[in-house]
Each structure stands twice: as structure tokens, then as C-alpha cells.
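Here's the structure, in C-alpha cells; my notes come after.
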Amino acid sequence: MTTDQKQLIKATIPVLKESGLLLTTHFYQRVFAHNPELKNTFNMGNQQNGHQPTALAMTVLAYAENIDDPSVLLSALNRIASRHTSLDIRPEHYDLIGRHLIASIGEVLGAAASPALLDAWTAAYGQLASLMIRIEAKLYATQVTKPGGWTGWRPFLVNAKQNESSGVTSFRLYPADGGPVADPGPGQYLSIRLFMPTLNLLQSRQFTISNAPNGQYYCITVKQAAGKDSSLNGQINRQLLDVIQEGDRLDVSLSGGACPMAAPAGVPTRPAYPSGCPMHQMA
Ligand code: HEM
């Protein structure tokens, strides 16, 4: 990026900070209007409660603020990359998302969005996207070279569904292809993708793995959502508990890195369960 471009980026940070949420809300509306298939990739519950638009806005703005030394953001970017790899986000997605983001900046800023300013943001996004693509490529490469490793969505079968205690049920999941599964690293987690009939969409949710590595299967444990919990995560839990049965297929993807969220207080981590299935779901 040129010095002039960096100056232009810095000059627009206050405006974008002020309208950051407006920008990313507009951006997501644009993405879903033009590419409705991506509703299957994003958690539509996070769209409703504003978590995802805010997260993306804050990251893009934090990057802009640190354009002279983006290395200070590396640990945050690693965490995001881990989440992205658990959802099979690929380089071609970055081009598409970048086009919508730059168009949205133009639409939200209106006459203030000069061609030079849009070029500067295109360069800044390109720089951030390349960095993230590189981090994600490394995570994917590490995953796929492990014995039993894979990337993207792999069909698994529910081999056992077992009540652990009131409102808590464990699922034992074997790959449908009969192959081995990679031993997860510390804090590595699963994404489960399910068809949600109420939304007519595929939706995913992250769960930690709490059984000891055995090369053959993973376990997740799902808690009953509170009665009034109408969030998407609550609905996914209900779908798993009320509808999914032994023998059913689920798509499973492994995150590229450590769990981005701490385990709830009092919940032991994976090595505490040498043979059983108890585990916790991510908040
Ligand atoms: C430079 C570009 C990007 C930035 C700055 C960014 C930023 C973020 C952040 C901050 C999160 C939240 C992470 C967490 O909570 O742990 C996130 C999650 C996510 N990102 Fe990105 N992202 C980018 C590109 C993409 C692309 C290209 C896609 C593909 C369509 C994508 C899809 C997702 C999805 C599906 C989630 C999970 C949130 C959900 O389930 O709704 N992101 N991203």
C-alpha cells in the first residue's frame, strides 16, 4: 500500500467507526441478497443478534487502525482463522466477501467515497485477506497431514446417543466413510452442521471434544436449551436432542486451532474423560 493510501484509510476510520455497525449490517444484507447460499455458512442467529456484524466491523477497523504494524493483531487473527477453518472458509470466499465489502463502503459513504478512497480500502482489505488466507492455509495443511485428518465437511454417523443426566445427552460420532479420525490437539473443537427445517438452511454450531483421542470417533454432549431459549443455538440443540437419532448423518468439521472460548467453570477438559463421552458445548 502507498503512504497516500494509508493516510486515506486513517482519515476514514472515525467515520467508519461511527457507522461501523451500519456498514457491516448493510454489508451482510448485500451479501445475503446477492449470494443467498452463504446463509448456510453463517450462523443466522448471530446475524439477528448483531454479534457477527459487530465482530467483522471491529476487526476491519482494528486492522485499519494498525495498518502500519498489523502484527499486533496476530493472535486475534489466529483465533478468527481457527473459526474460519472450522467452517470451511476458502480463499475464493475472500474475493467475494471483499467485493461486497468495498461496494458497501461505497454505498454507505455515498459521495464521500472517492475512487481513490475505495482503491485504498480495496488494497487494505486485500492485505488483510492475504494474511488470513496464509494463516488458514497453514492450519488446513497441518490438519490434512495428520493421520485421519481432513478439511471441510465430512459426513459422520451418530453411533450412540446416550442420556448422561437430566437434560444432558452425549452423541458418539463415527465417520461415515469408516476411516480413522485425527487426534485433536489441546482445545481443538468440532463444528456440527445440520439441516434446520424451520429455516430451510444448513446451520452449524461448535462443540468441544471431550473424549480421549482414540483414532476412531468423537463425542459431543448437548445440553437441553432452556424452555424459552429461541436462539439459533437453542434450536440447534433441540434439533439434535429431539430429532437426530442413532444412525443419522451429520456433517462434521474440525477446527484448525484451539478453542476460542473458555470451557464453562467446573467443566473438566478432555483428558479428564479417558473412556466416556461427557463434555460441554461451547457457549
Ligand atoms: C478479512 C476478512 C474477514 C474478517 C476480518 C473476518 C472476521 C471475522 C470475525 C471477527 C469472526 C468472529 C470470530 C469468533 O467469534 O471467534 C468471523 C467469523 C466468521 N466468518 Fe469471517 N472474516 C473475514 C472473512 C470471512 C469470509 C471470506 C467468510 C466466508 C464467507 C467468513 C465467514 C465467517 C463465518 C461463517 C464466521 C462464523 C460466524 C457465524 O457463524 O456467523 N469470514 N469472521
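Using numbering that gives the first Met the number 0, the letters of the sequence shown map in sequence onto residues 0 to 282. Think of the CB as a built atom: it goes at the ideal place given N, C-alpha and C, for glycine as much as any other residue. Remember, it's a predicted structure, so these values are computed and weren't measured experimentally.
(request) Taking T40 as the reference, give the member of S209, I208, I219, M195 with the closest Cα. (result) Counting from 1 along the sequence shown, the entry for residue 40 is found at position 41. Of S209, I208, I219, M195, the residue nearest in Cα terms is M195.
(message) In this structure, how does DSSP classify F206 when only helix, strand and coil are distinguished?
(response) If you number the sequence shown from 1, residue 206 lands on position 207. F206 falls in the strand class under three-state DSSP.
(message) To test your reading of the DSSP string, which unbroken beta strand (DSSP E) runs of 3 or more residues are found completely within the segment 203–257?
(response) 217–222, 248–253
(request) Round the Cβ separation of F155 and A181 to the nearest angstrom and send it over; I've been treating them as touching at under 8 Å. (result) As a position in the sequence shown, residue 155 is number 156, starting the count at 1. As a position in the sequence shown, residue 181 is number 182, starting the count at 1. Actually they do not touch by this definition, with Cβ atoms about 13 Å apart.
(message) Alpha carbons only, please: which of T150, S113, I101, Q28 is nearest the one belonging to Y124?
(response) Here the question's residue 124 lines up with position 125 in the sequence shown. Considering only alpha carbons, the answer is I101.
(message) I'd like to check one pair, V143 with W149: are the Cβ atoms closer than 8 Å?
(response) Residue mapping note: residue 149 aligns to position 150 of the sequence shown, counting from 1. Residue mapping note: residue 143 aligns to position 144 of the sequence shown, counting from 1. Yes, they are a contact pair.
(request) For V14, count neighbouring C-beta atoms within 10 Å of its own C-beta (all shown protein chains included) and say buried if the count is 16 or more, exposed if not. (result) Residue 14 sits at position 15 when you count from the first residue of the sequence shown. Exposed, since its Cβ has fewer than 16 Cβ neighbours within 10 Å.
(request) Assign R248 to one of two classes, buried (16 or more other C-beta atoms within 10 Å of its C-beta) or exposed (fewer than that). (result) The count along the sequence shown starts at 1 and reaches residue 248 at position 249. It counts as exposed.
(message) Just to confirm the assignment, what range does the alpha helix (DSSP H) spanning M131 have?
(response) Looking up residue 131 in the sequence shown gives position 132. Run containing M131: 114–144, per the alpha helix (DSSP H) assignment.
(message) Is Y124 near the ligand HEM - that is, is its Cβ less than 7 Å away from at least one heavy atom of it?
(response) As a first step, residue 124 must be located in the sequence shown, where it is residue number 125. Under cutoff, so the answer is yes.
(message) the ligand HEM and A80: does the residue's C-beta get closer than 7 Å to at least one heavy atom of that ligand?
(response) On the sequence shown, position 81 is the one that residue 80 refers to. A80 Cβ: outside cutoff for every heavy atom of the ligand HEM.
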